[in-house]
Amino acid sequence: MEKIVVEMTFDADIIEIPKELVHDLIKIQEEFDEWIHDKSVNHSYWIYKHNKKYCPCFRGDAFVEYINNFVLEKDAKERAKVLEEYITDYDKSLPSIWF
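Going letter by letter, the sequence shown gives residues 1 to 99 in the working numbering.
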């Protein structure tokens with residue numbers, strides 16, 4: 001398993017993903033970004049305005065959910081997980097993505 005920093009505007013989450021996914025991290029991030037913003041998808045991260053999907057509000061847990069449900073095989077022994085949330089001090093040498 002490999003630790004990944006999910007950077008947000010003011011802080012970050014640390015997640016752990018299977019090592020074999022690290023080389024495709026940017027591709028997975030791009031696919032996740034399409035999924036999280038696709039208004040035809042009924043995930044739990046939508047903010048509604050006037051009873052319509054307006055924009056998603058999410059953190060590292062949404063990326064973990066996406067990996068576990070759409071990237072990994074259903075019977076994968078290693079699953080992505082959130083290790084820490086809302087942190088400001090972390091190892092800058094870890095691989096990272098930014099949302």
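A virtual CB, placed ideally from N, CA and C, is assigned to each residue, including glycine.
- Counting only runs of 3+ residues, the beta strand (DSSP E) found wholly inside the stretch 3-77 occupies 12-17, 46-49, 52-56, in chain order.
- Following the DSSP letters along the chain, one finds Y90 in no beta strand (DSSP E), marked with neither H nor E.
- By a beta-carbon distance limit of 8 Å, R59 contacts D13. Their separation comes to about 6 Å.
- In this structure the stretch 13-22 lies against the stretch 59-72, because at least three pairs of beta carbons, one per stretch, are closer than 8 Å.
- When rounded, the separation of the alpha-carbon atoms in P95 and K19 is 11 Å.
- Under the criterion of beta carbons closer than 8 Å, L25 and I97 qualify as touching, at roughly 6 Å.
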